[in-house]
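Take a look at the structure below.
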Amino acid sequence: MEISFVRIDDRLIHGQVATVWTKESGCNRIFACSDEVAADDLRKQLVIQVSPPGIKAYVLPIAKAVEAYKNPKFDSFKTLFLFTNPTDVLRAVEGGIDINSVNVGGMCFKAGDKQITNALCMNEVDIEAFKKLHEKGIELEVRKLAKDPKIDLMDRLRELKLI
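The numbers in the sequence shown follow the UniProt record's numbering, run straight up by one, and end at 163.
Structural data, given as structure tokens:
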């Protein structure tokens, strides 16, 4: 399986992902990777239904996504991986998915979060997961839209004195 793009966006598939990121990445499959969403039939169906025409979407728990990534049966897949948070990305990497770069697109505010950009809020657990991903040599770039300039997440966290 070829990884065409990896994005963290707590909304998973929405307008920007369906219309822009799928074209930018050249994917033919979307894996929305979340234990929580995979266990919620309504959310799962909504994510699958908003997949753009011609691109098959799957909603998978992290362990199943790792299994599928390693299965030669899916070698023809050019997959856009979507995650809702960095902890799940770290679990996927530790499970054996070979991720080199993560686009950090959108994480909405929850109580206790710190605002990093206008579209990105995170807590200490998120920051720790990003630090571990960075230590593994994975590029962490912040872009809400494909046309936006890349911002290095670790530089931004240092600038805000969060690491």
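Beta carbons: idealized from backbone N, C-alpha and C, even for Gly.
Whose C-alpha, out of the options, is nearest the C-alpha of residue i?
| i | options | result |
| --- | --- | --- |
| G54 | M122, F77, T117 and E94 | F77 |
| P149 | A63, V104 and I99 | V104 |
| S51 | A32, L60, E36 and Y69 | A32 |
| Y58 | H134, F130, I13 and L120 | I13 |
| I62 | G96, F74, D75 and P72 | G96 |
| D10 | N28, V47 and E2 | V47 |
| V6 | L82, K132 and D126 | L82 |
| V125 | K110, G137 and K70 | K110 |
| A65 | A39, R43, S34 and L133 | S34 |
| residue 164 | I30, K23 and L60 | Nothing can be reported for residue 164, as the shown portion of the chain is limited to 1 through 163. |
| residue 198 | P72, V93 and T84 | Given a span of 1 to 163 for the chain in the structure shown, any question on residue 198 remains unanswerable. |
| M1 | I30, T22 and D152 | I30 |
Opposite residue i in the DSSP bridges: which residues?
| i | result |
| --- | --- |
| C33 | L60 and F83 |
| F5 | L80 |
| K23 | According to DSSP, which records beta bridges pairwise, K23 is partnered with nothing at all. |
| K114 | M122 |
| D41 | None; D41 has no bridge partner. |
| L160 | Partner(s): none; L160 has no beta bridge. |
| I151 | V142 |
| V104 | I8 and V142 |
Residues in its own chain within less than 8 Å of residue i by CB, not counting five upstream and five downstream?
| i | result |
| --- | --- |
| G160 | One point to set straight first is that residue 160 is Leu, not Gly, in the sequence displayed. Closer than 8 Å at the Cβ level, and outside the excluded window around L160, lie K114 and I116. |
| A18 | V50, S51 and P52 |
| K70 | G96 |
Leaving out the 5 sequence neighbours to the left and right, which residues in its chain are closer than 7 Å to residue i when beta-carbon positions are compared?
| i | result |
| --- | --- |
| M122 | M107, D113, K114 and I116 |
| N28 | I55, F77 and K78 |
| L120 | V104, G106, M107 and V142 |
| S25 | S4, F5 and L80 |
| K44 | V37, A38 and V59 |
| K131 | I163 |
Since residue i and residue j should fall inside the 8 Å C-beta cutoff, what is the C-beta to C-beta distance between them, to a whole number of angstroms?
| i | j | result |
| --- | --- | --- |
| I127 | L90 | Contact flag wrong, Cβ pair sits at about 12 Å. |
| T79 | S4 | 6 Å |
| S101 | E139 | 4 Å |
| L133 | V93 | 7 Å |
Can you name, in chain order, every residue of its own chain whose Cβ lies under 6 Å from the Cβ of residue i, other than the five neighbours on each side?
| i | result |
| --- | --- |
| V20 | A146 |
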